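At position 17 of the sequence shown (counting the first as 1) the number is 18 in our numbering, and the numbers step up by one without a gap.
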Amino acid sequence: MMRLDRFLCETGFGTRSQVKELLKKGLVTVNGEPVKKPEQKVKETQDVVLCGGKRAVYAAFVYLMLHKPAGVVSATEDAAERTVLDLLDETDRRNVFPVGRLDKDTEGLLLLTDDGELAHRLLSPKKHVDKVYYARVEGQVTREHADRFQEGLDIGEKALTLPSELEILKSGASSEVRVTIREGKFHQIKRMFEAVGCRVVYLKRLSMGTLVLDERLEAGSYRSLTEDEVKELRQFTGLVPEA
């Protein structure tokens, strides 16, 4: 059971004060009956709550796909820098956090959620979750580089990087590639290319596990995951699909 005003806030109908105004105006019904009391209790998954004729649908967790732009940091707060949470509407910030990090100058897919177990499983080194990136690189990338990526590279860590796939899209003084890695060391892809004498000048994450960046999302914009996307992610990580 949950207070009606909180329920409406968590289903995207505004802040607590905005929701109270909607209730005062008689725009909210519960199971067909008009309700104006914000303290009334509702059953999140059983009661039919309408606000302005639109049904409020409750989900236990929030899942947001963000097309992270360059220039913002993957954090919930930062004293000096703009964060990915600053890109969200106030009503969408409910306890969400970024799953993993993208460098400040890297753009692309970033999942934000309040589902801690899902995040843990996606980030666990033992899971070896595929993360696919597109990169533009200064220097000619060759088949030899792809072989070295597959073998593992020394980037100054205790161990070599795990085997990764390097697909060459364009080779020349400026090359374009697609890279698949299964770990997430600090500045990993940039350091991998430095290890073979090249330099990354642009990096964009395209996918993580089963989740693929919606290219209709402009940099800086976001949307909720579809039911199918959530189901696929939860199955992929070994969690039962959300009811």
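Don't be surprised by glycine CBs; every beta carbon is placed ideally from N, CA and C.
All values derive from a computational prediction rather than experimental measurement.
Looking at C-alpha atoms only, which residue of the options is the closest neighbour of residue i?
i	options	result
V43	R7, Q19, E22 and F62	R7
I182	E118, A147 and E40	A147
R56	R144, R224, K69 and N32	N32
A174	L167, H121 and T143	T143
E219	L112, L9, E108 and E230	E108
Would you say residue i and residue j are within 7 Å of each other, going by their C-beta atoms?
i	j	result
R192	Y134	no
E233	T211	yes
S176	V138	yes
A76	D106	no
E40	R4	yes
Rounding to the nearest angstrom, what Cα-Cα distance links residue i and residue j in this structure?
i	j	result
T12	Q141	50 Å
D116	L240	11 Å
K38	R179	55 Å
L65	C199	34 Å
V201	A136	7 Å
V85	L23	29 Å
R235	T227	12 Å
A160	R149	15 Å
Can you name, in chain order, every residue of its own chain whose Cβ lies under 6 Å from the Cβ of residue i, other than the five neighbours on each side?
i	result
K132	I182 and M209
L124	G101
Let me know the secondary structure DSSP gives residue i once reduced to three states.
i	result
G109	strand
M3	strand
V20	helix
What does a CB cutoff of less than 8 Å around residue i pick up in its chain, not counting 5 residues either side in sequence?
i	result
I156	T162, K186, Q189, R192, M193, E195 and A196
E158	K186
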